[in-house]
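Respectively, the protein sequence lines represent chains Z and U.
Counting from 1, position 89 in the first sequence corresponds to residue 296 in the working numbering; the numbering is continuous, with no gaps.
Counting from 1, position 175 in the second sequence corresponds to residue 382 in the working numbering; the numbering is continuous, with no gaps.
Glycine residues also receive a C-beta, built at the ideal position from the N, C-alpha and C atoms.
Keep in mind it's a predicted model, so treat the numbers as computed, not measured.
Structure record follows, encoded as structure tokens.
Number of protein chains: 2
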Amino acid sequence: MELFRPINSYYDFENIKMVPEGDLITRNLSDMDWMYQDQEAVQELLKEDPQIYRYYNVDIPEEEGHLQHCISIINPGKVGNEYNMTKGHFHEIKGTAEIYYTIQGEGMLFMQSVTDGEPEFEALEMKKGTLSYVPPYWAHRTINTGEEPLAFIGIYPGEAGHVYGEIEAKGFMKLLIEKDGEPTIIDNPNYK
Amino acid sequence: MELFRPINSYYDFENIKMVPEGDLITRNLSDMDWMYQDQEAVQELLKEDPQIYRYYNVDIPEEEGHLQHCISIINPGKVGNEYNMTKGHFHEIKGTAEIYYTIQGEGMLFMQSVTDGEPEFEALEMKKGTLSYVPPYWAHRTINTGEEPLAFIGIYPGEAGHVYGEIEAKGFMKLLIEKDGEPTIIDNPNYK
């Protein structure tokens with residue numbers, strides 16, 4: 208049998224990136240412009256098309272027994288009154304968990320169940336030192352509510368896979384907006 | 208189906224512990240006194256029987272799809288010229304990986320392959336911000352080489368399980384000792 212060798216990756220606190228970079232994926236506003244409610248704000252911001260988030264993937268076999276891992280960074284900012292966020296996804300094998308560890312910054316983790324039953328919603332705070340458990344059968348999205356980049360590690364089973372399309376089309380049942388200067392969870396009026 | 212709910216745990220930087228504590232397991236010198244080479248130093252230290260390390264386990268089902276996770280803290284110190292370390296283990300299902308993220312402190316991660324072939328050895332450094340990948344089929348032990356507690360997160364597949372007995376009996380093929388004030392890897396003269 209061929210042994211897979213141990214690997215170290217590092218979080219570079221000064222430059223807010225993973226070293227080595229691995230496979231770097233960036234998401235600008237234009238990659239997810241339809242996901243935000245305030246389309247006037249979107250059109251204005253698209254002139255600059257800011258980067259919303261990026262993630263650095265370590266190259267690990269997509270196989271059972273292995274653990275995929277990456278470091279994600281969501282830039283601070285808002286689109287209208289909605290905070291910068293990831294697209295969100297659930298796993299192709301829905302019964303697989305994910306773990307986040309927040310390295311720095313402040314945010315929120317939105318989750319929505321993906322069973323055959325009625326979807327349920329949960330939210331957890333993220334701040335430096337938080338270890339968040341996303342159990343099997345929960346779609347997940349992360350949101351930066353702070354003034355600084357939100358940096359966190361994501362770890363999930365090698366075979367999990369990703370499904371983005373359904374959340375891209377339906378959205379999450381809740382939104383996180385700034386209201387009176389505070390992050391506030393509201394119902395998503397466009398949730399299908 | 209019964210949904211498992213999301214959970215947050217926190218690393219308490221001030222008190223060097225996980226909150227909530229979950230299932231706390233402590234290992235004092237007397238739990239692993241035969242693992243160190245210098246038995247005179249062991250006997251002297253056993254009068255106080257210092258805590259070598261402890262870990263805080265989040266209570267997660269031991270099932271495929273789930274991810275076990277814990278925060279471990281190895282106290283600084285040496286037994287003779289050997290640094291404080293964990294007992295070390297491999298997984299009952301050998302083909303399952305583990306990931307460590309170092310929150311604070313300095314140390315080293317020892318690994319030894321557990322295939323049917325000749326065992327191979329690997330070592331990786333651990334320092335704040337290090338994301339270490341222990342692939343399937345590698346036994347692993349962590350060692351504190353610094354002056355402060357070494358705190359890190361460990362994550363592994365729910366079904367992995369643990370085997371301690373073989374390493375308790377055979378040891379690792381290498382030891383980490385302090386030599387001329389520096390951590391130095393040497394062959395283990397008692398490795399069977």
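Query	Result
C-beta contact flag for Y398(Z) and G378(Z) at 8 Å	yes
Between the CA atoms of Y363(U) and E325(U) - distance to the nearest angstrom	25 Å
Heavy atom of the ligand ATP within 7 Å of S339(Z) beta-carbon	You won't find the ligand ATP in this model; it holds no ligand whatsoever.
As assigned by DSSP and simplified to three states, the class of M208(Z)	coil
Residues near D219(Z) by beta carbon distance below 6 Å, same chain, minus five either side	V226
Partners in chain Z for A304(U), counting only beta-carbon separations shorter than 7 Å	G272, H273 and L274
C-beta contact flag for L316(Z) and E327(U) at 8 Å	no
DSSP bridge partner residues for W345(Z) (one or two, in chain order)	S320(Z)
Status (buried if at least 16 other CB within 10 Å, exposed otherwise) for T349(U)	buried
Residue from V341(Z), K335(Z) and G336(Z) with nearest C-alpha to S320(Z)	V341(Z)
As assigned by DSSP and simplified to three states, the class of M239(Z)	coil
Whole beta strand (DSSP E) elements within the region 273 to 313 of chain U, 3-residue minimum	274 to 281 and 305 to 311
P257(Z) and L236(Z) closer than 8 Å at C-beta	yes
Cutoff 8 Å: M315(U) Cβ touching any chain Z Cβ	no
Buried versus exposed call for Y371(Z) [16 or more other C-beta atoms within 10 Å across all chains shown]	exposed
Test item: CB-CB of A358(U) and I306(U) under 8 Å	no
Alpha-carbon spacing of Q334(U) relative to I310(U), whole angstroms	The identity of residue 334(U) in the sequence shown is Lys, whereas the question assumes Gln. Taking the straight line from one Cα to the other gives about 8 Å.
Beta carbon proximity, S339(U) to chain Z, threshold 8 Å	yes
Beta-bridge pairing of M315(U) - partner residues as DSSP gives them	E332(U) and I350(U)
CB contact below 8 Å: N215(U) versus chain Z	yes
Buried or exposed (CB count within 10 angstroms, at least 16 for buried), G312(U)	buried
Exposed unless 16 or more other CB atoms sit within 10 angstroms - verdict on K241(U)	First, the residue type needs correcting, since residue 241(U) is Trp and not Lys in the sequence shown. Label assigned to W241(U): exposed.
K399(U), DSSP secondary structure in three states	coil
CB contact check: P227(Z) to chain U, cutoff 8 Å	no
Contact list for W345(Z) against chain U, beta-carbon separation under 7 Å	P213
Cβ shell of E332(U) (< 7 Å), same chain only, five flanking positions each side left out	M315
Any C-beta of chain Z under 8 Å from that of I232(U)	no
Interface residues of the region 354 to 377 of chain U facing chain Z [CB-CB below 8 Å]	I360, I362, Y363, P364 and G365
Given H298(Z) as reference, the closest of G365(Z), I384(Z) and I223(Z) once Cα atoms are compared	G365(Z)
Whether A346(Z) touches H296(Z) by CB criterion (8 Å)	yes
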